[in-house]
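In this note's numbering, the protein residues as written are 114 to 277.
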C-alpha cells in the first residue's frame with residue numbers, strides 16, 4: 114500500500130503508454146475479516162491433513178492493474194520489464210526514504226527488450242539520484258553510449274579491466 118502512489122508515478126514516467134492504474138495485494142488470508150492467528154486456527158486441521166499451511170503471508174501475491182492493457186498475459190517482454198523496473202525503483206526510493214541511504218541497484222542486460230527511448234528514461238531516472246548502479250550487458254546499451262561520467266569495465270578471463 115505504501116508503494117502504490119510511487120509505483121504508479123514511476124511507471125507513468127518510464128512508460129506512460131502502459132497506464133498502470135494500481136497495485137493489487139492479496140495478503141494470503143482474509144485479512145479484512147479476521148486476524149492471521151484466527152485464520153491459522155481455522156485452517157489448522159485441514160492443513161494438518163494436507164501437510165502444508167494453506168493461509169498466511171507466504172501465500173500472499175500481488176498484481177498490477179492497467180488502464181490500457183486488459184490482462185497480465187498481454188504484456189510484451191519490454192512492457193513486463195518496465196513494470197518490474199517501476200516496482201523495483203519504487204522499492205529503492207521507499208528504502209532510501211525509510212533508511213536514509215540508497216540501496217545498490219543492479220540491472221542485468223538493460224538493453225534487452227527495451228528500445229533506446231525506454232532505456233534513456235530508465236537511465237535518466239537512475240542517474241538523477243544518488244544510488245550506486247551496476248548494469249551488466251554483453252554490449253553497451255545504446256542509451257549508455259553517450260554518457261561520459263560513468264565508469265565502464267570489461268570482464269574477460271576472470272580479469273576486470275577499465276574501459277576508457
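A virtual CB, placed ideally from N, CA and C, is assigned to each residue, including glycine.
DSSP assignment within the stretch 197-230 yields the following whole beta strand (DSSP E) runs of 3 residues or more, N-terminal first: 218-221. If you look at residue 177, you'll find it in the beta strand (DSSP E) that goes 174-179. Annotated as proximal: residue 236 and residue 257, with beta-carbon spacing under 9 Å. Within its own chain, the residues whose Cβ lies closer than 7 Å to the Cβ of residue 221, once the five positions on either side in sequence are excluded, are 249, listed in chain order. When Cβ pairs closer than 8 Å are counted between the two stretches, the stretch 122-130 is seen to touch the stretch 194-208, the count reaching three or more. Taking the Cβ atoms as the reference, residue 233 lies roughly 21 Å from residue 215, outside the contact range of under 8 Å.
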